[in-house]
Amino acid sequence: MKDGVNGVALAVFIFFFVAVTVMGFLAARWRKAEQSANLDEWGLGGRSFGTWVTWFLLGGDLYTAYTFVAVPAAIYAAGAAGFFAVPYTILVYPLIFTFLPRLWSVSHKHGYVTTSDFVRGRFGSKGLSLAVALTGILATMPYIALQLVGIQAVLDVMGVGGGEDTHWFVKDLPLLIAFGVLAAYTYSSGLRAPALIAFVKDGLIYLVIAVAIIYIPIKLGGFDHIFAVAKDAFAQKNPATGKPRGELASGPNAQWAYATLALGSALALFMYPHSITATLSSRNRNVIRRNTTILPLYSLMLGLLALLGFMAVAAGITVQNGQLAIPQLFENMFPDWFTGVAFAAIGIGALVPAAIMSIAAANLFTRNIYKDFLKPGATPEQEHKVAKLVSLLVKVGALVFVLTMDKTVAINFQLLGGIWILQTMPALVGGLFTRWFHRWALLAGWAAGMIYGTVAAYGVASPTQKHFGGSSAEIPGIGEIGYIGLTAFVLNVLVTVVLTVVLRAVRAPDGVDETSPEDYTADAGDKGVQVELPPATAGVPAGH
């Protein structure tokens, strides 16, 4: 690690940070509608984005600071287990091809802004809608925090903020400034800000990965040498556990954990509110379909990016906090000016998804808590104002989260959120294809999955944490170690199915479905319905 502040890298970093900040504020004028004081314009960009803007925006969701920092850090710490992120981003695209266009269509037809809007309209249940909204907000908070961890890792390696003995305010001041700028342009421009900045962010990421995957192996003696050194390093015993540090390739004992984590993460990825927000901002149904075919390009780059974890091991990078491994690798390997470019890619890679996530959480609060329960008669202008204020509060919550919790386990922030958000899948995806599930059964299944998942995760210990030390535990009845979120999801589905059979047998009152079969294939040319239909005309037979 270089002593002091890396002035050249810091100057390049500041240049790009200032550039995207200016873009963030200018985005308020980009494709601005005459009537912009409403949630559709601020929170969904006017539902006007085409294929490429949507591709960069969805890519902003996938290529986050988590991708650049936490995934290679997991490989640096434990080896091949960290590669679970590669197959799950491959598995996810056939899944979303089947249901995202249907969600876009019904949301376009009825003016839905959030997944909870759809759940309320489909099942006629504000209680179930509230559960989905609260879960979305809860799962989003640690995900935003993870982006802030990425920015902080870059600042630490550049030497900004002082050492461990520095007063906390001085040490965290650069992060507070970055947070303040992010909050300001998100408040001003809404979803248009991250959509515009995503072009710069993804361009930098592709450039850095392309250079890193060629330049660093040349300096380290090639991939043969990298893998040989990594294999020896992972074979060494961990003093804390007495077991090998990790594996270059996952062995038979790790296959259940690896497979269930990949599958569970794939199911959860597009349940997150920010993924849905980016989806609903598209101008038509075909934009979504095209994106599911070109987004796998990001998965290719993710596989290359993950290899940086092995490179950090081969380069002899030694850090107390694993999240610093890749930033430190860049500083050691690259010329100072390109180190600044790489750090800017990570930093901006944190700002874009953090902005989208805070907007998505604000949309959920505004439509499904404020309007549904606190002020049903809220005007579009009032919704707009509340959403902007809530987006600030969400960022403050995430900032408190990251400043008060152990940052060495940053990846578990996101994995814990994945356990929670996965429990909304039966209501959302199930509801897109069938009305058979009973609303009360869905709510009971959600509660069972949430309680089991949280309790099981709380009981997982690690060498550095007594609780929430990981996301895998023994699968009941099987005895293998697997992803807690997937186990909780299976329990959720079982409870939902059994209770649905019981509730339908006793003819428990069902909610009114305000959607109709043709809504799920509607396109932009079809006239939208912006108000709820009265119960006398809105109900349709179950089962479509």
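In short: position in the sequence shown from 1, add 71, done, that's my numbering.
Beta carbons are placed, not taken as given, at the ideal position from N, Cα and C, and that holds for glycine.
Classify residue i as buried or exposed, calling it buried when 16 or more other Cβ atoms lie within 10 Å of its own Cβ.
{"i": "Val-89", "result": "exposed"}
{"i": "Ala-82", "result": "exposed"}
{"i": "Thr-389", "result": "exposed"}
{"i": "Trp-123", "result": "exposed"}
{"i": "Leu-201", "result": "buried"}
{"i": "Val-526", "result": "exposed"}
{"i": "Phe-86", "result": "exposed"}
{"i": "His-13", "result": "For residue 13 there is no data in the structure shown, the boundaries of the chain being 72 and 615."}
{"i": "Val-693", "result": "Lying before the first or after the last residue shown, residue 693 is absent from the chain, which here runs from 72 to 615."}
{"i": "Pro-310", "result": "exposed"}
{"i": "Leu-306", "result": "Correcting the residue type first, residue 306 is Ala in the shown sequence and not Leu. Result: exposed."}
{"i": "Asn-324", "result": "exposed"}
{"i": "Tyr-258", "result": "buried"}
{"i": "Trp-175", "result": "buried"}
{"i": "Arg-506", "result": "buried"}
{"i": "Pro-165", "result": "exposed"}
{"i": "Glu-251", "result": "It is Gly, not Glu, that sits at residue 251 in the sequence shown. Exposed is the call here."}
{"i": "Lys-466", "result": "buried"}
{"i": "Arg-356", "result": "buried"}
{"i": "Leu-565", "result": "exposed"}
{"i": "Pro-398", "result": "buried"}
For the alpha helix (DSSP H) holding residue i, just list the boundary residues, first then last.
{"i": "Thr-592", "result": "Note, Thr-592: premise wrong, no alpha helix (DSSP H); not H, not E."}
{"i": "Thr-312", "result": "Careful: Thr-312 lies outside any alpha helix (DSSP H) and carries neither H nor E."}
{"i": "Met-428", "result": "407-436"}
{"i": "Glu-402", "result": "396-404"}
{"i": "Asn-362", "result": "356-365"}
{"i": "Thr-28", "result": "In the structure displayed, the chain extends from 72 to 615; residue 28 sits before or after that span and is not available."}
{"i": "Gln-326", "result": "326-340"}
{"i": "Gln-218", "result": "197-229"}
{"i": "Arg-263", "result": "263-291"}
{"i": "Glu-112", "result": "110-115"}
{"i": "Lys-302", "result": "294-306"}
{"i": "Leu-378", "result": "Where Leu-378 is concerned, there is no enclosing alpha helix (DSSP H), given that its DSSP letter is neither H nor E."}
{"i": "Pro-344", "result": "344-351"}
{"i": "Ala-80", "result": "78-97"}
Once you ignore the five residues that flank residue i on each side, which residues in its own chain have a CB closer than 6 Å to its CB?
{"i": "Gly-221", "result": "Ala-136, Val-140, Ile-417 and Ala-421"}
{"i": "Ala-320", "result": "Ala-151"}
{"i": "Gln-223", "result": "Leu-246"}
{"i": "Phe-84", "result": "Gly-411, Phe-414 and Ala-415"}
{"i": "Thr-571", "result": "Phe-508, His-509 and Ala-512"}
{"i": "Pro-447", "result": "none"}
{"i": "Ala-396", "result": "Ala-144, Tyr-147, Ala-383, Ile-388 and Val-390"}
{"i": "Val-531", "result": "Gly-540, Gly-541 and Ala-544"}
{"i": "Asp-443", "result": "Lys-197"}
With a cut-off of 8 Å on the beta carbons, I'd call residue i and residue j a contact; round off their distance for me.
{"i": "Tyr-159", "j": "Ala-449", "result": "Not quite, the Cβ-Cβ distance comes to about 38 Å (not below 8 Å), so this is no contact."}
{"i": "Gly-130", "j": "Tyr-369", "result": "5 Å"}
{"i": "Ala-210", "j": "Tyr-343", "result": "7 Å"}
{"i": "Ala-458", "j": "Gly-114", "result": "6 Å"}
{"i": "Ile-146", "j": "Phe-381", "result": "6 Å"}
{"i": "Ala-386", "j": "Leu-291", "result": "6 Å"}
{"i": "Ser-429", "j": "Leu-128", "result": "Their Cβ separation, rounded to whole angstroms, is 15 Å, which puts Ser-429 and Leu-128 out of contact at 8 Å."}
Below 7 Å CB to CB, which residues in the same chain sit around residue i once its five sequence neighbours on both sides are set aside?
{"i": "Gly-95", "result": "Tyr-256, Ser-260, Ala-264 and Ile-268"}
{"i": "Asn-563", "result": "Gln-494, Pro-497, Gly-516, Trp-517, Ala-519 and Gly-520"}
{"i": "Thr-437", "result": "Leu-110, Glu-454, Val-457, Ala-458 and Val-461"}
{"i": "Thr-608", "result": "Unreliable placement is indicated for Thr-608, whose pLDDT of 36 sits below 50; no coordinate value is reported for it."}
{"i": "Val-157", "result": "Ser-370, Leu-373, Gly-374 and Ala-377"}
{"i": "Ala-528", "result": "Leu-487, Ile-490, Phe-539, Ser-542 and Ile-555"}
{"i": "Phe-294", "result": "Pro-288"}
{"i": "Ala-333", "result": "Phe-155, Pro-158, Tyr-159 and Leu-162"}
{"i": "Val-500", "result": "Phe-170"}
{"i": "Pro-367", "result": "Ile-161 and Tyr-164"}
{"i": "Pro-580", "result": "none"}
{"i": "Gly-553", "result": "Trp-327, Ala-328, Thr-331, Ser-543 and Ile-546"}
{"i": "Leu-435", "result": "Thr-185, Ser-187, Ala-204, Gly-207, Ile-208 and Pro-344"}
{"i": "Asp-407", "result": "Asn-77, Val-79 and Ala-80"}
Under the criterion of a Cβ to heavy atom distance below 6 Å, does residue i qualify as lining the ligand PLP?
{"i": "Gly-530", "result": "In the structure shown, the ligand PLP is absent, as is every other ligand, since no ligand is present at all."}
If I measure Cβ to Cβ from residue i and keep anything under 8 Å in the same chain, skipping five residues before and after, which residues do I get?
{"i": "Glu-452", "result": "Ala-108 and Asn-109"}
{"i": "Arg-102", "result": "Gly-116, Gly-117, Ser-119 and Arg-263"}
{"i": "Gln-601", "result": "Because the pLDDT at Gln-601 is just 43, under 50, the model does not fix this residue reliably, and the value given afterwards should be weighed accordingly. Excluding positions up to five away in sequence, the list reads His-181 and Gly-182."}
{"i": "Leu-400", "result": "Ile-287, Leu-379, Met-382, Ala-383, Ala-386 and Ile-388"}
{"i": "Ser-178", "result": "Val-184, Asp-188, Phe-189 and Leu-351"}
Establish whether the CB of residue i and some CB of chain E are separated by less than 7 Å.
{"i": "Leu-379", "result": "Structure shown: chain E not included; a single protein chain is present."}
Subject >> Uninterrupted beta strand (DSSP E) stretches inside the stretch 120-195 (no shorter than 3 residues) >> reply: none
**OP:** Output the residue ranges of the alpha helix (DSSP H) runs that lie fully inside the stretch 444-517 and measure 4 residues or longer, sorted by chain position.
**Re:** 451-475, 481-492 and 496-504
Original post:
Going along the chain, which unbroken runs of the alpha helix (DSSP H) with 4 or more residues stay wholly within the stretch 526-589?
Top reply: 555-576
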